[in-house]
Amino acid sequence: MAAAASRRVRRRARAAPRARSADDWWWDRLAPSGSGYHLLQADSVLLVLSEPGPARPRAQRRAARRAPRQPPPGPRAAAKPKPKARLRPEPAPAPEDGPDAGWGDRIPLEILVQIFRLLVAAEGPMPFLGRAARVCRRWQEAASQPALWHTVTLSPPLASRPANGRVKAEKKLLASLEWLMPSRFSQLQRLTLIHWKSQLVGESCPRLTFLKLSGCHGVTADALVMLAKACCQLHSLDLQHSMVESTAVVSFLEEAGPRMRKLWLTYSSQTTAILGALLGSCCPQLQVLEVSTDLNRNTIPLQLPVEALQKGCPQLQVLRLLNLMWLPKPPGRGTAPGPGFPSLEELCLASSSCNFVSNEVVGRLLHGSPNLRLLDLRGCARITPAGLQDLPCRELEQLHLGLYGTSDRLTLAKEGSPLLTRKWCHTLRELDLSGQGFSEKDLEQALAAFLSTPGGSHPALCSLNLRGTRVTPSTVSSVISSCPGLLYLNLESCRCLPRGLKRAYRGLEEVQWCLEQLLTSPSSS
3 MAAAASRRVR RRARAAPRAR SADDWWWDRL APSGSGYHLL QADSVLLVLS EPGPARPRAQ
63 RRAARRAPRQ PPPGPRAAAK PKPKARLRPE PAPAPEDGPD AGWGDRIPLE ILVQIFRLLV
123 AAEGPMPFLG RAARVCRRWQ EAASQPALWH TVTLSPPLAS RPANGRVKAE KKLLASLEWL
183 MPSRFSQLQR LTLIHWKSQL VGESCPRLTF LKLSGCHGVT ADALVMLAKA CCQLHSLDLQ
243 HSMVESTAVV SFLEEAGPRM RKLWLTYSSQ TTAILGALLG SCCPQLQVLE VSTDLNRNTI
303 PLQLPVEALQ KGCPQLQVLR LLNLMWLPKP PGRGTAPGPG FPSLEELCLA SSSCNFVSNE
363 VVGRLLHGSP NLRLLDLRGC ARITPAGLQD LPCRELEQLH LGLYGTSDRL TLAKEGSPLL
423 TRKWCHTLRE LDLSGQGFSE KDLEQALAAF LSTPGGSHPA LCSLNLRGTR VTPSTVSSVI
483 SSCPGLLYLN LESCRCLPRG LKRAYRGLEE VQWCLEQLLT SPSSS
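Here the sequence shown is numbered in our numbering, starting from 3 and rising by one per residue.
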């Protein structure tokens with residue numbers, strides 16, 4: 003009797019409606035019945051989507067998952083005794099629209115492509131798009147959009163692999179590229195090849211505009227010329243840390259030179275031939291030229307004639323000669339000045355070691371550049387404020403004159419800094435005077451130019467580097483007070499400042515904290 007009574011109690015408990023949990027209440031609160039919202043729940047993600055057709059309620063999905071499986075038809079199923087059916091509430095009928103689809107199928111293709119675009123911008127299309135295409139058909143359709151394949155970086159297998167495995171991996175990579183080029187690279191714009199030894203990729207890329215060959219060797223002149231003919235929109239070439247022969251590069255520039263706009267080079271013994279081609283006007287439309295070298299490897303002096311470069315590349319907007327021991331050739335007697343760079347906006351001659359750039363060289367470079375915005379002369383110890391005062395540029399925004407790692411034997415200028423700030427105080431956004439030997443009074447007069455600007459407007463200065471200078475607390479506090487947009491202030495190794503304040507300040511809060519400490523410090527009074 004007791005067993006029968008307990009069975010009846012259990013049957014009643016099963017038949018009774020289950021009490022609503024907090025999870026169900028929250029579910030109905032997010033998407034009440036009839037609202038037209040779909041709730042898609044994963045392990046750690048909850049998506050609320052709106053679509054015309056209502057989604058299946060959560061209780062129906064749970065009932066469908068818990069429904070007992072029917073045995074397959076056959077003699078075996080007939081031979082087995084039928085188990086007693088448990089009393090369960092019958093699940094509600096499914097909607098007429100069909101079974102509930104996965105959350106991946108509910109996202110429109112356009113939104114999925116936009117999500118993939120963000121991931122591609124952060125990590126690149128490979129190998130992400132290849133892996134995403136294996137998830138489902140919708141992801142494969144989104145990953146195959148050529149608009150996502152704008153930037154591609156290709157690198158062969160590592161040299162540390164065994165020889166047999168490396169050869170197989172290279173063959174597999176080339177086979178994949180033969181399929182990718184016609185189907186994915188139709189809108190490819192930027193291509194980077196790292197340590198590439200095989201044939202060049204780009205013949206099927208009509209929209210290619212940027213090509214980088216990093217560590218590549220074995221690339222022939224015929225391959226580069228064929229690439230220049232196939233890619234009619236190619237206008238940027240990056241050869242930094244490249245091992246391509248200079249003869250092949252010169253052949254490429256002779257073919258694609260009239261449309262070249264940007265060129266990056268790493269200085270070596272082979273760079274002389276490439277620079278000679280530039281001086282011969284093979285790239286008359288060149289706008290960006292950067293020649294750099296690794297630190298402590300600039301033992302070969304660079305002899306680049308200024309006037310010849312102005313005639314060969316008259317449209318230059320950016321000229322960077324980084325970490326080079328540049329030895330400019332002096333002009334001959336009675337030689338007329340060069341045409342200058344009328345479109346130049348950025349000149350960077352920064353170097354970590356001693357160079358031979360003087361006021362006379364800078365004057366020859368910039369005598370016809372009224373639109374200059376950035377002037378970087380870090381490490382150029384022979385430059386003085388008096389040599390920069392007569393430059394024709396009036397709207398300079400960034401001026402870097404910091405000295406880093408220079409010898410103590412050099413005689414630095416102790417006055418003249420007011421000549422710079424008075425000329426460009428209304429447009430300067432970044433000023434770097436670190437390591438300069440200007441006196442306390444000279445710096446006070448120079449920074450006082452930011453106290454009063456034309457028209458009564460606030461100065462545009464947002465970055466000031468005074469590392470290792472003789473700036474005083476009163477001068478620093480007046481600059482901070484007059485420049486409300488100052489976001490970076492470097493006061494490291496400033497011998498005239500009190501202890502605890504000789505550091506770099508980043509952000510508005512830290513700069514204002516520095517001002518409060520200077521105003522309350524006993525030494526400031």
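Each residue gets a CB set at the ideal place from its N, CA and C atoms; glycine is no exception.
DSSP places Q400 in the strand class (E or B) of the three-state scheme. DSSP, read as helix, strand or coil, puts L280 in helix. Of the candidates L267, E125 and C498, the residue whose Cα lies closest to the Cα of T477 is C498. Cα atoms of V290 and Q242: separation of roughly 14 Å, rounded to the nearest angstrom. Rounded to whole angstroms, I302 and M327 show a C-alpha spacing of 7 Å. Per DSSP, A506 is not a residue of any alpha helix (DSSP H); the beta strand (DSSP E) it occupies stretches across A506 to R508. According to the DSSP assignment, S479 belongs to the alpha helix (DSSP H) that extends over P475 to S484. Taking 7 Å as the cut-off, the beta carbon of L521 is found no closer than this to the beta carbon of L493. The DSSP-derived three-state label of E347 is coil.
Contact holds between the stretch 263-275 and the stretch 242-253, because three or more Cβ pairs, one in each stretch, are under 8 Å apart. With respect to the 7 Å criterion, L414 and G381 are not classified as neighbours on the basis of their beta carbons. Nearest Cα to Q312 within the set V154, S283 and E143: S283. In the displayed model, W141 falls within a helix according to three-state DSSP.
Burial check for F118: the Cβ neighbour count within 10 Å reaches 16 or more, so the residue is buried. Listed in chain order, the non-local C-beta contacts of L321 below 6 Å within the same chain comprise L291 and L349, local neighbours out to five positions each way being set aside. In this structure, P372 lies away from P339, with their beta-carbon atoms at least 7 Å apart. Here the C-alpha atom of L510 lies approximately 20 Å from the C-alpha atom of T429. When DSSP states are grouped into helix, strand and coil, F254 belongs to the helix group.
Cβ contact annotation for R263 (same chain, cutoff 8 Å, sequence separation greater than five): H237, S238, Q287, L288, Q289 and V290, in chain order. With a cutoff of 7 Å on beta-carbon distance, L351 and L323 are scored as near each other. In summary, R396 is exposed, with fewer than 16 beta-carbon neighbours lying within 10 Å of its beta-carbon over all protein chains present.
In the three-state reduction of the DSSP assignment, E125 falls in the helix class.
Residue state for R366 is assigned as helix, using DSSP reduced to three classes. Closest option to G126, judged by alpha-carbon separation, among C138, V137, W141 and A145: A145. In the displayed model, W328 falls within a strand according to three-state DSSP.
Under the criterion of beta carbons closer than 8 Å, S436 and L405 qualify as touching, at roughly 7 Å.
The beta carbon of D444 is closer than 6 Å to those of E417 and S419 in its chain, skipping five residues each way along the sequence.
In this structure T211 is in contact with Q191, their Cβ atoms being roughly 5 Å apart against a cut-off of 8 Å. Annotated three-state conformation of N492 is strand, per DSSP.
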